[in-house]
Amino acid sequence: MEKKDTFLLGEKEFSSRFILGSGKYSMKLIEAAVKNAEAQMITLAVRRMNTNQQENIIDYIPEDVTLLPNTSGARDAKEAVYIAKMAREIGCGNFVKVEIMRDSKYLLPDNTETVKATEMLVKEGFVVLPYMYPDLYTARDLANAGAAAVMPLASPIGSNKGLATKDFIQILIDEIDLPIIVDAGIGKPSEACAAMEMGAAAIMANTALATAGDIPAMAEAFKHAIIAGRNAYLAGLGRVLERGAQASDPLTGFLRD
Amino acid sequence: MVQINGEAQDAAGMRLEDYLKENGYVSDHIAIGWNEEILPKEEYATKIFRDGDVVEIVGFVGGG
Chain A
8 MEKKDTFLLG EKEFSSRFIL GSGKYSMKLI EAAVKNAEAQ MITLAVRRMN TNQQENIIDY
68 IPEDVTLLPN TSGARDAKEA VYIAKMAREI GCGNFVKVEI MRDSKYLLPD NTETVKATEM
128 LVKEGFVVLP YMYPDLYTAR DLANAGAAAV MPLASPIGSN KGLATKDFIQ ILIDEIDLPI
188 IVDAGIGKPS EACAAMEMGA AAIMANTALA TAGDIPAMAE AFKHAIIAGR NAYLAGLGRV
248 LERGAQASDP LTGFLRD
Chain B
3 MVQINGEAQD AAGMRLEDYL KENGYVSDHI AIGWNEEILP KEEYATKIFR DGDVVEIVGF
63 VGGG
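Protein sequences appear in the order of chains A and B.
First residue of the first sequence? That's 8 in my numbering, and the numbers climb one at a time after it.
First residue of the second sequence? That's 3 in my numbering, and the numbers climb one at a time after it.
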């Protein structure tokens with residue numbers, strides 16, 4: 008029997024390589040998006056709860072989908088650890104996406120604080136997925152700190168600008184012995200597919216769906232693109248000629264030798 | 003006064019459990035930070051607000 012193509016985060020095995028964000032769209036659409044994406048993991052944020060809130064997002068997420076709370080809003084490692092512990096106390100398991108930013112214009116992650124938070128959270132028993140600016144040294148530090156994966160940004164959060172950091176993500180894929188999950192900035196299924204062809208382990212997307220015309224339909228489009236990219240990576244991409252051409256047809260003239 | 007989610011409230015002496023019930027919170031959906039420490043769920047039943055406490059009641063919302 009053919010071996011199933013899966014990857015591990017902590018001790019949990021995933022076959023879906025599409026991590027879905029849940030921000031900026033309605034709870035009802037989340038349910039449809041999870042279904043169409045066939046996602047096994049969904050990100051959430053932690054915020055103050057309003058009183059008498061009738062609906063809760065957890066009720067719209069199937070029970071077999073792993074929750075990945077993020078630490079958005081944290082400005083340093085200490086705040087990220089506090090948010091992660093709050094998330095765990097809600098009772099969602101021990102996964103956390105570390106997300107630390109001090110900049111509100113470009114929303115770029117603070118790599119130094121992210122390494123510190125990862126060290127602290129791994130010691131506390133969390134499965135840590137750090138969101139980071141694609142830098143090889145930081146990625147190595149995160150791996151040494153015990154991160155379960157590394158999540159480099161493709162372009163600024165929410166920008167839908169695609170693989171602006173493509174060459175640097177490739178370095179991480181080639182050099183880091185952990186799943187590389189491309190997060191932030193992926194705007195189109197074709198970009199998700201391209202990242203998977205490069206050897207990314209998974210794609211995380213939110214705004215690309217939230218700002219799409221039809222959210223559940225876009226979730227499905229992403230699912231197919233991610234599968235296509237993964238299959239292409241496993242198949243091994245054809246080579247690129249530096250110059251010239253090479254016929255795909257027999258090198259004889261039609262009806263001539 | 004007690005600071006709950008950033009608002010000063012006249013809740014000193016009140017039981018946390020009663021406050022949560024009165025305000026429609028479901029304990030399975032929340033976590034509570036009490037003076038910057040995480041309050042374990044098993045303590046919800048016995049905890050009482052004291053003057054000057056800073057309390058945060060959080061839960062999950064959509065996010066990326």
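Think of the CB as a built atom: it goes at the ideal place given N, C-alpha and C, for glycine as much as any other residue.
As the structure is a computational prediction, the values presented were derived from the model and not from experiment.
DSSP state of residue i, grouped into three classes?
i, result
"G165(A)", "coil"
"L136(A)", "strand"
"E198(A)", "helix"
"A14(B)", "coil"
"D264(A)", "coil"
"T50(A)", "strand"
"T13(A)", "coil"
"L115(A)", "coil"
"M127(A)", "helix"
"I59(B)", "strand"
"N151(A)", "helix"
"T58(A)", "coil"
"V72(A)", "coil"
"L258(A)", "coil"
"V4(B)", "strand"
"V157(A)", "strand"
"A146(A)", "helix"
In chain order, what residues of the same chain have a beta carbon less than 6 Å from the beta carbon of residue i, not counting five sequence neighbours either side?
i, result
"G165(A)", "T214"
"A226(A)", "A40, N43, A44 and L216"
"A52(A)", "N77 and S79"
"K230(A)", "F25, A44 and E45"
"I6(B)", "V57"
"A219(A)", "M225"
"D53(B)", "A14"
Verify the CB distance criterion: does residue i have a CB-CB separation below 8 Å to chain E?
i, result
"V56(B)", "Of the chains in the structure shown, none is chain E; the protein chains are A and B."
Is it buried or exposed, residue i, if we count other Cβ atoms within 10 angstroms and call 16 or more buried?
i, result
"N151(A)", "exposed"
"N57(A)", "exposed"
"L216(A)", "buried"
"S22(A)", "exposed"
"A242(A)", "exposed"
"M3(B)", "exposed"
"L18(B)", "buried"
"A156(A)", "buried"
"K123(A)", "buried"
"E106(A)", "buried"
"S29(A)", "buried"
"Q47(A)", "buried"
"G245(A)", "exposed"
"A47(B)", "exposed"
"A10(B)", "exposed"
"E45(B)", "exposed"
"D221(A)", "exposed"
"P257(A)", "exposed"
"T259(A)", "exposed"
"D190(A)", "buried"
"P186(A)", "buried"
"T13(A)", "exposed"
"F261(A)", "exposed"
"V88(A)", "buried"
Ordered along the chain, which non-local residues of its own chain (more than five positions away) have a Cβ less than 8 Å from that of residue i?
i, result
"A228(A)", "P196"
"E38(B)", "V56"
"M139(A)", "P116, N118, T121, T145, A146, L149, V157, M158, P159 and L160"
"G132(A)", "N101"
"A235(A)", "C200 and M203"
"L170(A)", "A161, S162, I176, V189, G192, I193, E198, A201 and A202"
For the alpha helix (DSSP H) that residue i lies in, which residues bound it at each end?
i, result
"I233(A)", "I222 to A242"
"V105(A)", "That residue, V105(A), is in no alpha helix (DSSP H); its beta strand (DSSP E) goes F102 to V105."
"A84(A)", "A84 to I97"
"I37(A)", "M34 to A44"
Beta strand (DSSP E) containing residue i: first to last residue?
i, result
"K19(A)", "K19 to F21"
"L248(A)", "No beta strand (DSSP E) holds L248(A); DSSP gives it neither H nor E."
"E39(B)", "E39 to L41"
"F25(A)", "F25 to L27"
"I65(A)", "That residue, I65(A), is in no beta strand (DSSP E); it is neither H nor E in DSSP."
"G80(A)", "That residue, G80(A), is in no beta strand (DSSP E); it is neither H nor E in DSSP."
"I50(B)", "Run containing I50(B): none; DSSP gives neither H nor E here."
"G35(B)", "I32 to W36"
At a cut-off of 7 Å, is residue i close to the ligand MN when judged by its beta-carbon and the heavy atoms of the ligand?
i, result
"A226(A)", "For the ligand MN, the structure offers nothing, since it holds no ligand at all."
Quick one: residues in its chain with C-beta nearer than 7 Å to the C-beta of residue i, no 5 flanking neighbours on either side, listed in chain order?
i, result
"K19(A)", "T73"
"P223(A)", "L36, A39, A40 and N43"
"I178(A)", "L143"
| request: Report the residue ranges of all alpha helix (DSSP H) runs contained in full by the stretch 170-218 of chain A; include only those spanning at least 4 residues, in chain order. | output: Whole alpha helix (DSSP H) segments, 4+ residues: 173-182, 196-204 and 214-217.
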